[in-house]
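Protein chains in written order, with our numbering: chain B, 1 to 292; chain S, 1 to 359.
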């Protein structure tokens, strides 16, 4: 298949739509458009691999994963099964229930409290799931694949040309600027900030915790909003509404125990709440090069 | 440690490696790290093309500690880490006791029981790992390393490994998350057919209801009320009971739930580039062998992990040393500054612990 201008234009549209938070067409396409869709998808990926822009890549990954997910919901059982096999997600019946192998579940489950392994039915290497959850995991698998790009060596000239055009259409990336110094925040918050900086898609609980923490540390709401603008599915209006809501309702900082149940705790600080952070993890949990 | 003791230790270690068999599966794909008298890891990014080459190195260059990567690499010697070509890694669990110079019988027993439960209740029953793919290794000091070499789990990244580690150690386990109430005030919770912690919770609740119902609520002393709750629990429809605050009342069951969890070192499990002691090599802080154990049922470290045989060595205590079970007998206590002939393995242990020197 040779890339042409029509495919490239459509590829640029796809990426720009992703940037605007639009998922694009989630309906079935006419067979005559299949080649164009396929080609534009490949072209979009090639441009992103060439540009190596993490913000664009993750935005595109989220949009394409959601698009794939909405298509999956109307797919036949057979097609879903084939797609699952391709993605490494193979649900099967175990003791009369729909279940996924633990290693598949742990690899693709969204980092949200509802999906924490600890609250799930686990037996003999299987985790009980329902069909909706299988599709959600497949969405995560699609996103994971879309985020993993190998740098493209010597791309065709048409990719270089349209990549330049694409960059003109892309709003200048928001640079995450924080006045915090290293060690100012507990490890869990640092990890969330790093995630935002790397344009990762934080889950609902992670966003809530980060927002409450930053607001409690007197970070101006505009700055908090700027931090969230790094997330690949950022929507300005929605974020503003949610931040205002947190302020208005006076949400208090979740405790470390709550963060633990959300799967967001990453160190044994023993401070009760992230707001009590004094600058270092206690001596009881020093990092080790190897195990004793 | 003085030069004389260092030579004594290294000569003993080298002798052990001449007698022992050290084999690492896929040895050519592992990174190795070694340590000496100052640090447990002094150099890493080493590799051996065969187990024979590894054994030869241990006999002639004799490090005090040697560890291999949990990971398999295309190029184990390459640096930096990104150039090694990660090809997955074993799933590792580290169980440790934090105690004094010697572990008490109770401490030894607790960590041994934890290791047994980790393998049997979690790895085999919950995670479906086959017995032959689990290797239990005494750490050589205060605990056990469990190596899971099931290919299905090999490609898991750190976050996925954390989920498994948190599951085993019960991190964030909040029993209230097992319950949910729908808009018609129907309360659903753990039921008889549930697996995992939900199943464990159900079984504990059913046991308490059977044996001591008043611990949940006095009203449950009435057989008809207990029967209602029992039936509700069996099917998962907990609102069958007339006890409105039944979820709060279940706190008594929830308190027992952590007893079933096992404290594993999460940092070890989630680190896919970790180095872990090579099974059947010596631990440089004890002189005990990090023995691969076919069965934990009868294992006692101060009897079964002894690496040095016959012979007595005269040592001088550098601190008061309490009486201690070692080598199937009781080693008498030693006062600071006193000298005495003791079995070679015990001398090695005390010297490496910094509690004695050659006399």
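A virtual CB, placed ideally from N, CA and C, is assigned to each residue, including glycine. From a predicted model like this one, the values you see are computed outputs, not experimental measurements.
Exercise. Using only alpha-carbon positions, find the residue among S:307, S:272 and S:104 that is nearest to residue 21 of chain S.
Key: Start at 1 with the first residue of the second chain, and residue 21 of chain S comes out as number 21. That would be S:307, whose Cα lies nearest to the Cα of residue 21 of chain S.
Quiz item: At a Cβ cut of 7 Å, what residues of the region 183-204 of chain S count as close to chain B, listed as they run along the chain?
Solution: Considering only beta carbons, the part of the region 183-204 of chain S lying closer than 7 Å to chain B consists of 194, 195, 196, 197 and 198, in chain order.
Self-check item: residue 141 of chain S versus S:227, S:279, S:126 and S:26, residue with shortest Cα-Cα distance
Solution: The residue labelled residue 141 of chain S in the question sits at position 141 within the second chain. Residue 141 of chain S has its Cα closest to that of S:279, out of S:227, S:279, S:126 and S:26.
Practice problem: With 8 Å as the threshold, decide whether the Cβ of residue 156 of chain S is near any Cβ in chain B. | Solution: Residue numbering aside, residue 156 of chain S sits at position 156 when the second chain is read from its first letter. Closer than 8 Å to some Cβ of chain B, the Cβ of residue 156 of chain S qualifies, so yes.
Quiz prompt | Below-8 Å beta-carbon distance, residue 120 of chain B vs any chain S residue | solution = The residue given as residue 120 of chain B occupies position 120 in the first chain. Yes, residue 120 of chain B lies at the interface with chain S (some Cβ there is under 8 Å from its Cβ).
Quiz item: Considering only residues of the same chain and omitting the five flanking positions on each side of residue 64 of chain B, which have a CB-CB separation below 6 Å?
Solution: Looking up residue 64 of chain B in the first chain gives position 64. Closer than 6 Å at Cβ, skipping near neighbours: 146.
Practice problem: Report the three-state DSSP secondary structure of residue 279 of chain B (helix, strand or coil). | Solution: Locating residue 279 of chain B in the first chain gives position 279, counting from the first residue. Residue 279 of chain B falls in the coil class under three-state DSSP.
Practice problem: Just confirm the distance between the C-beta atoms of residue 257 of chain S and residue 175 of chain S, as a whole number of angstroms; I'd bet it's less than 8 Å. | Solution: Translated into positions along the second chain, residue 257 of chain S becomes position 257. Translated into positions along the second chain, residue 175 of chain S becomes position 175. Contact holds; Cβ gap of about 6 Å.
Quiz item: For residue 347 of chain S, is the classification buried or exposed, using 16 other Cβ atoms within 10 angstroms of its Cβ as the cut-off for buried?
Solution: Against the second chain, residue 347 of chain S aligns to sequence position 347. It is buried - the Cβ of residue 347 of chain S has at least 16 other Cβ atoms within 10 Å.
Quiz item: Between residue 150 of chain S and residue 224 of chain S, what straight-line distance do the alpha-carbon atoms span, to the nearest angstrom?
Solution: The residue you call residue 150 of chain S lines up with position 150 of the second chain. The residue you call residue 224 of chain S lines up with position 224 of the second chain. Going from the Cα of residue 150 of chain S to the Cα of residue 224 of chain S covers about 49 Å.
Quiz item: Should residue 35 of chain B be labelled buried (16 or more other beta-carbon atoms within 10 Å of its own) or exposed?
Solution: Here the question's residue 35 of chain B lines up with position 35 in the first chain. So residue 35 of chain B counts as exposed.
Quiz item: Since residue 314 of chain S sits in a beta bridge, which residues does DSSP pair it with?
Solution: Within the second chain, numbered from 1, the residue matching residue 314 of chain S stands at position 314. Per DSSP, S:341.
Quiz item: When you compare only the Cα positions, how much space is there between residue 283 of chain S and residue 289 of chain S?
Solution: Locating residue 283 of chain S in the second chain gives position 283, counting from the first residue. Locating residue 289 of chain S in the second chain gives position 289, counting from the first residue. Computed Cα separation, rounded: 6 Å.
Quiz item: What are the residues of the region 140-166 of chain S that lie near chain B, defined by any Cβ-Cβ distance shorter than 9 Å?
Solution: 140, 141, 142, 143, 145, 150, 152, 153, 154, 155, 156, 157, 159, 160, 161, 162, 163, 164 and 166
Quiz item: Got a sec: is the Cβ-Cβ distance from residue 101 of chain B to anything in chain S below 8 Å?
Solution: Sequence index remark: in the first chain, residue 101 of chain B carries index 101 (1-based). Output row for residue 101 of chain B: interface = yes.
Quiz item: Under a three-way DSSP split, which group does residue 35 of chain S fall into?
Solution: If you number the second chain from 1, residue 35 of chain S lands on position 35. In this structure, residue 35 of chain S counts as strand in the three-state DSSP scheme.
Quiz item: residue 61 of chain S: which of S:158, S:232 and S:12 sits nearest, CA to CA?
Solution: Translated into the one-based positions of the second chain, residue 61 of chain S becomes position 61. Here the closest residue by C-alpha is S:12.
Self-check item: Contact belief for residue 71 of chain S with residue 273 of chain S at Cβ below 8 Å, rounded distance in angstroms
Solution: Looking up residue 71 of chain S in the second chain gives position 71. Looking up residue 273 of chain S in the second chain gives position 273. With a Cβ gap of about 6 Å, residue 71 of chain S and residue 273 of chain S count as contacting.
Quiz item: Taking Cβ positions only, does residue 287 of chain S come closer than 8 Å to chain B?
Solution: As a working mapping, residue 287 of chain S is identified with position 287 in the second chain. Not an interface residue.
Quiz item: If you draw a straight line from the C-alpha of residue 67 of chain B to the C-alpha of residue 134 of chain B, how long is it?
Solution: Here residue 67 of chain B refers to the residue found at position 67 when the first chain is read from its first residue. Here residue 134 of chain B refers to the residue found at position 134 when the first chain is read from its first residue. Whole-angstrom Cα-Cα distance: 16 Å.
Quiz item: Does any residue of chain B bring its CB to less than 8 Å from the CB of residue 127 of chain S?
Solution: Along the second chain, read from residue 1 onward, the residue named residue 127 of chain S stands at position 127. Yes, contact with chain B.
Exercise. Buried or exposed for residue 4 of chain S, please, with buried defined as at least 16 other CB atoms from any protein chain shown within 10 angstroms of its CB.
Key: As a first step, residue 4 of chain S must be located in the second chain, where it is residue number 4. Taking all protein chains in view, the Cβ of residue 4 of chain S is surrounded by fewer than 16 other Cβ atoms within 10 Å, so the residue is classified as exposed.
Quiz item: Over what stretch of residues does the beta strand (DSSP E) that includes residue 358 of chain S continue unbroken?
Solution: Looking up residue 358 of chain S in the second chain gives position 358. Per DSSP, residue 358 of chain S belongs to the beta strand (DSSP E) from 356-358.
Quiz item: Do you know whose CA, among B:227, B:104 and B:248, lies nearest residue 159 of chain S's CA?
Solution: Walking along the second chain from the start, residue 159 of chain S turns up at place 159. Per the Cα distances, B:104.
Quiz prompt | DSSP three-state assignment for residue 299 of chain S, whether helix, strand or coil | solution = As a working note, residue 299 of chain S is residue 299 in the second chain. Note: residue 299 of chain S maps to coil in three-state DSSP.
Practice problem: Please list the partners that residue 150 of chain B has in chain S, where partner means a Cβ-to-Cβ separation under 9 Å. | Solution: What you label residue 150 of chain B is simply residue 150 of the first chain in a count that begins at 1. Per Cβ cutoff of 9 Å: no residues; residue 150 of chain B is ~13 Å from chain S at best.
Quiz item: Got a sec: is the Cβ-Cβ distance from residue 173 of chain S to anything in chain B below 8 Å?
Solution: Residue 173 of chain S sits at position 173 when you count from the first residue of the second chain. Taking Cβ atoms only, chain B reaches closer than 8 Å to residue 173 of chain S, which makes this a yes.
Quiz prompt | Residues that residue 261 of chain B contacts on chain S, provided the C-beta gap is smaller than 9 Å | solution = By 1-based counting over the first chain, the position of residue 261 of chain B is 261. 171, 172, 173, 174 and 177, listed in chain order.
Exercise. Give the interface partners of residue 140 of chain B over in chain S, defined as CB-CB distance under 8 Å, in chain order.
Key: Here residue 140 of chain B refers to the residue found at position 140 of the first chain. In chain order: nothing, as chain S lies at least about 11 Å away.
Quiz item: What number of angstroms, rounded off, separates the C-alpha of residue 91 of chain S from the C-alpha of residue 255 of chain S?
Solution: Here residue 91 of chain S refers to the residue found at position 91 when the second chain is read from its first residue. Here residue 255 of chain S refers to the residue found at position 255 when the second chain is read from its first residue. Distance between the alpha carbons of residue 91 of chain S and residue 255 of chain S is about 29 Å.
Self-check item: Supposed close pair residue 41 of chain S, residue 63 of chain S - CB separation, criterion 8 Å
Solution: Translated into the one-based positions of the second chain, residue 41 of chain S becomes position 41. Translated into the one-based positions of the second chain, residue 63 of chain S becomes position 63. At roughly 10 Å, the Cβ-Cβ gap does not stay under 8 Å, so residue 41 of chain S and residue 63 of chain S are not in contact.
Quiz item: Would you say residue 125 of chain B reaches chain S, if we count a Cβ-Cβ gap shorter than 8 Å as a contact?
Solution: For this step, residue 125 of chain B is matched to residue 125 along the first chain. By this cut-off, residue 125 of chain B is an interface position.
Quiz item: Given a threshold of 16 other Cβ atoms within 10 Å of its Cβ, counted over all protein chains shown, does residue 211 of chain B qualify as buried or as exposed?
Solution: Here residue 211 of chain B refers to the residue found at position 211 when the first chain is read from its first residue. By the neighbour-count rule (16 or more Cβ atoms within 10 Å), residue 211 of chain B is buried.
Quiz item: Under 8 Å Cβ-Cβ, which residues of chain S neighbour residue 128 of chain B?
Solution: The residue you call residue 128 of chain B lines up with position 128 of the first chain. The contacting residues are 195.
Quiz prompt | Whether residue 220 of chain B touches residue 274 of chain B by CB criterion (8 Å) | solution = Taking the first residue of the first chain as 1, we reach residue 220 of chain B at position 220. Taking the first residue of the first chain as 1, we reach residue 274 of chain B at position 274. Taking 8 Å as the Cβ cut-off, residue 220 of chain B and residue 274 of chain B do not qualify as a contacting pair.
Practice problem: Can you give me the Cβ contacts of residue 203 of chain B inside the same chain, cut-off strictly under 7 Å, excluding the 5 residues immediately before and after it? | Solution: In the first chain, the residue the question calls residue 203 of chain B occupies position 203. So the list reads 110, 111 and 112, once near-sequence residues are dropped.
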